[in-house]
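Chains as they are written, first to last, in this note's numbering: chain A, 1 to 438; chain B, 1001 to 1438. Note that beta-carbon positions come from the ideal geometry of N, C-alpha and C, so glycine has one too. Here is the structure we will look at.
Protein chains: 2
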Amino acid sequence: MNIVLLSGGSGQRLWPLSNDIRSKQFIKIFHTADGALESMVQRVYRQIKEVDGDAAVTIATSKSQVSSIHNQLGEAVGISIEPCRRDTFPAIALAAAYLKDVKGIGEDEAVVVCPVDPYVENDYFEALKELGQLAQSSEANLVLMGIEPTYPSEKYGYIIPDGSKKVSRVSMFKEKPTQQLAAEYIAQGALWNGGVFAFRLGYVLRRAHELISFTDYNDLFAKYDTLNKISFDYAVAEHESLIEVMRFSGTWKDIGTWNTLTEAMTGNFVGEAMFNEECKNVHVINELNVPIICMGLKDVVVSASPDGILVSDKEQSSYIKPLVNKLEQRIMFAEKSWGSFRVLDMAEGSATIKVTLHPGHRMNYHSHDHRDEVWTVISGEGRTIVDGMEQQVKPGDVVTMAAGCRHTIIADTELQVIEVQLGKEISVHDKHKYELED
Amino acid sequence: MNIVLLSGGSGQRLWPLSNDIRSKQFIKIFHTADGALESMVQRVYRQIKEVDGDAAVTIATSKSQVSSIHNQLGEAVGISIEPCRRDTFPAIALAAAYLKDVKGIGEDEAVVVCPVDPYVENDYFEALKELGQLAQSSEANLVLMGIEPTYPSEKYGYIIPDGSKKVSRVSMFKEKPTQQLAAEYIAQGALWNGGVFAFRLGYVLRRAHELISFTDYNDLFAKYDTLNKISFDYAVAEHESLIEVMRFSGTWKDIGTWNTLTEAMTGNFVGEAMFNEECKNVHVINELNVPIICMGLKDVVVSASPDGILVSDKEQSSYIKPLVNKLEQRIMFAEKSWGSFRVLDMAEGSATIKVTLHPGHRMNYHSHDHRDEVWTVISGEGRTIVDGMEQQVKPGDVVTMAAGCRHTIIADTELQVIEVQLGKEISVHDKHKYELED
């Protein structure tokens, strides 16, 4: 199976665990069978590989997620990098060109497209495999998955099939309706549109060439920022007459809010938490290294990260966006290709940061105009390069770097450093990168 | 007026803001008229001075609170230091000996004793002044304050007066009753025992000498740890026949739990917090430098400190002790005589701490057996002394101290330092103190 996972932008609806550079699909909140924690993207990737060990997985995403994807899934996964965000049609067109021109997939081969963040069981991916087989053999150009509704939701688009068989022609698409309309659609046999579809690669490439003038993957990539934002449904699916829908009635949850996310959690908490007996339906996700005590709460989610703390009634939690928009966004934690950082303290004229580097990785070789830095190695072994001079470092070693001096640190083992930044204007934009000479 | 404020031990009932070394009376949660924040002890001290600018205030407390008291009230306040905790009778006996032998107060002078943490208005201290005058002139040996009850509380002892005049003889004391009994007492005209009383100094000294064999203040101080724990009510008040009670009907709140403490707050939050419109009767006390967002909560208190996070229904919050007892206590923030420290990060083999020194203050001159330390100055100016060598320091300066080396830092201005501790066994007990040679 060729599968393209659409990995969307960072959301504010799961603040404080998602932010401008950290998306919900990378938060480790699900317990695996052996008790470890995995993220949504790790869960989905694991499930796909359990169902089809040979599945070729490509993630369509923006540059900002590449580090997290490699950290969480390893290097084997394909990534179609969108230079900027342009909605699902351009993203799928680019991924299709990537599959053909970079991965060498034939135009007759079926491709399944699916969001990266449904909370499902393995039967969902069995169904995706079936969807791909249908797309391969059917005369239809597009085969959708239609999820059997469990209630008249206002959050999803609806697909009205031309009959009640497992696979039917699509009769009509309906935009997100009111609850009353949703109930009427369901009475007519409507299915939820979960954003999953399969096609032969050549079909989408032809549609792409009809709508966008480009020669190949590199050309499309180069002009990506000039494309209009348009959804795949609007650009392609709604105009296609040879289109079918396959029913799916297994578990399917859209983990877009704290309310739905906590429903999918296997226990009541991740991280350090205590509840008294009066707590009912309370979930805690605690990324801080201090305890959270909950007493006498009902239907509440508590989430704490280096960025902030949310305490919300579960129903109310879906209205978080306007509140988060009012916050001054300060990124206090981020994963990078080389490891991660966490801001420990911000003060006037200084910032203190804990930097973790993965073995074999290093920071960019860089300098700052307006700040000095002091590194104190607290664990691991590695080497620093400061203005071209390489030096071995171990715990307790201190390296000072004046403004203007070029520096990097290379991890030979997992390496942790306390970095103190000093200067009147401390900014992430104050950075020059350089090539390292051999 | 001579007034002794009893400053009790650290409570767990206001976790995470109070802990083993930090007591509720020092938490800055009250807004003054000009918008600044003040603690309970600062509020009470300010109120006393507003009512009686000449009041001689002595705080009876343990050694662990002395730094916080001087930091918050300055150096002028008297402190009777209890070498260990022995309940209110030994504490008051020691304070009485301190007033006579250290402060030179005459045995005929009246002394008023009062807890350090009632939430009251200035009329309460007017009443205390009156209580002192009564004790001075009355034939009674002891004059208590009786607070007119507002509901049949199970939390307080009751005083049954011999009549309904403003000042009456005491007819009987009653221990904390059931709610039903409390209602009966109130029907008989009972008053709450708020732990406030006045006497002529000589009276309590005589009682003290009857019950404890000691010569003077220094002798009592030296044998303090051999004394039995016993309350003043039990040792003295309940055996005294020449005893009066004066009614008080003004504002009086016992700020012993989150529920009562939040009632006394002037606004809904201290620190960074946001509420959506569905929140009702929600209070946030946030000592962290990240925002807290509350949504759809009712009757909830959220309190966040470097030690942890509490989210509790207000009624339930009074049952916190057993949960806090289960926590491994890690002190993440503390005030010291020289300033304060906050633990930023704990890891295997290292700890990172932000140290703030007040101008003119310094740490003890000390060394560690099992850890190296690195200081990076982030603000202010001062001097370090390392193995006898003094050196000026300013922001950006780095000082490294190997295990065994003697060191201190002296603040010439307000000084902040990031201290990285490195070693296999990092413990607060690994410390040797030395005298500094001139």
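Assuming residue i contacts residue j (C-beta within less than 8 Å), just tell me the rounded distance between them.
i, j, result
"N1286(B)", "Y1203(B)", "Contact doesn't hold; Cβ gap of about 47 Å is too wide."
"A1411(B)", "G1380(B)", "6 Å"
"L134(A)", "V143(A)", "5 Å"
"A1183(B)", "P1161(B)", "Not confirmed; about 17 Å, so no contact."
"P1291(B)", "L327(A)", "6 Å"
"V1113(B)", "F1214(B)", "Going by Cβ atoms, the distance from V1113(B) to F1214(B) rounds to 19 Å, so no, they are not a contact pair."
"G360(A)", "L422(A)", "30 Å between Cβ atoms; not a contact."
"E373(A)", "R383(A)", "About 17 Å; that fails the 8 Å criterion."
"A127(A)", "L6(A)", "About 17 Å; that fails the 8 Å criterion."
"V41(A)", "Q72(A)", "6 Å"
Check the Cβ of residue i against every Cβ in chain A and list those closer than 7 Å, keeping chain order.
i, result
"T1058(B)", "What T1058(B) touches in chain A: nothing, since even the nearest Cβ is about 36 Å away."
"D1225(B)", "Near D1225(B) there are no residues of chain A at all, since even the closest Cβ is about 33 Å away, more than 7 Å."
Is the Cβ-Cβ distance between residue i and residue j less than 7 Å?
i, j, result
"H1370(B)", "E1425(B)", "yes"
"S317(A)", "V301(A)", "yes"
"G1078(B)", "T1058(B)", "yes"
"T1352(B)", "Q1416(B)", "no"
"W252(A)", "P118(A)", "yes"
"Y98(A)", "Y217(A)", "yes"
"I1418(B)", "K1336(B)", "no"
"T1262(B)", "H1031(B)", "no"
"I1147(B)", "G1189(B)", "no"
"T1400(B)", "V399(A)", "no"
"L1191(B)", "R1086(B)", "no"
"E1238(B)", "F1173(B)", "yes"
"N1325(B)", "D1299(B)", "no"
"M1001(B)", "G1132(B)", "yes"
"L1017(B)", "I293(A)", "no"
"S1067(B)", "E1082(B)", "no"
"F125(A)", "V4(A)", "no"
"S305(A)", "M1295(B)", "no"
"L201(A)", "E139(A)", "no"
Would DSSP call residue i helix, strand or coil?
i, result
"K424(A)", "coil"
"G1194(B)", "strand"
"R1013(B)", "coil"
"N2(A)", "strand"
"S1171(B)", "strand"
"G132(A)", "helix"
"L1037(B)", "strand"
"H70(A)", "helix"
"L242(A)", "coil"
"K166(A)", "coil"
"Q65(A)", "helix"
"T32(A)", "coil"
"Y1217(B)", "helix"
"G1339(B)", "strand"
"H209(A)", "helix"
Taking residue i as the query, report the chain B residues whose CB atoms sit under 9 Å from its CB, ordered along the chain.
i, result
"P90(A)", "Under the 9 Å cutoff, chain B gives no residues; its nearest Cβ is about 34 Å from P90(A)."
"M389(A)", "Within chain B, no residue comes near M389(A); the closest Cβ sits about 18 Å away, beyond 9 Å."
"T413(A)", "Within 9 Å Cβ-Cβ: nothing; T413(A) doesn't reach chain B, min ~13 Å."
Using the beta-carbon of each residue, which ones in chain A are nearer than 9 Å to residue i?
i, result
"M1265(B)", "In chain order: nothing, as chain A lies at least about 17 Å away."
"S1312(B)", "N276, I293, C294, M295, G296, L297"
Just the chain A side, please: which residues come within less than 8 Å of residue i by C-beta, in chain order?
i, result
"T1352(B)", "L344, T352, K354, I378, I418"
"K1326(B)", "M274"
"V1302(B)", "I309, V311"
List, in order along the chain, the chain B residues whose C-beta lies closer than 8 Å to that of residue i?
i, result
"L144(A)", "Going along chain B, no residue has its Cβ under 8 Å from L144(A), so there is no contact; the nearest lies around 35 Å."
"I320(A)", "I1293, M1295"
"D233(A)", "Simply none; closest approach about 32 Å."
"E315(A)", "G1296"
"G349(A)", "I1378, S1379, P1395"
"D430(A)", "Neighbours of D430(A) on chain B: none; closest Cβ ~16 Å, over 8 Å."
"G308(A)", "V1290, P1291, I1292, I1293"
"L323(A)", "M1274, N1276, I1293, M1295"
Would you mind telling me which residues of chain D sit closer than 8 Å to residue i, beta carbon to beta carbon, in chain order?
i, result
"D1372(B)", "The structure shown contains no chain D; its protein chains are A and B."
Which residues in chain B sit within 7 Å of residue i, going by Cβ to Cβ distance?
i, result
"T400(A)", "V1398"
Tell me whether the segment 1095-1113 of chain B and the segment 1021-1041 of chain B touch, counting them as touching only if at least three CB pairs, one residue from each stretch, are closer than 8 Å. Below 8 Å, too few C-beta pairs join the segment 1095-1113 of chain B and the segment 1021-1041 of chain B to call them touching: fewer than three.
Touch test, the segment 236-247 of chain A against the segment 274-289 of chain A, Cβ-Cβ under 8 Å, three pairs minimum:
No, the segment 236-247 of chain A is not in contact with the segment 274-289 of chain A.
Three or more C-beta pairs closer than 8 Å, one from the segment 1362-1376 of chain B and one from the segment 1401-1410 of chain B: is that the case here? Contact between the segment 1362-1376 of chain B and the segment 1401-1410 of chain B is present, because at least three Cβ pairs lie under 8 Å.
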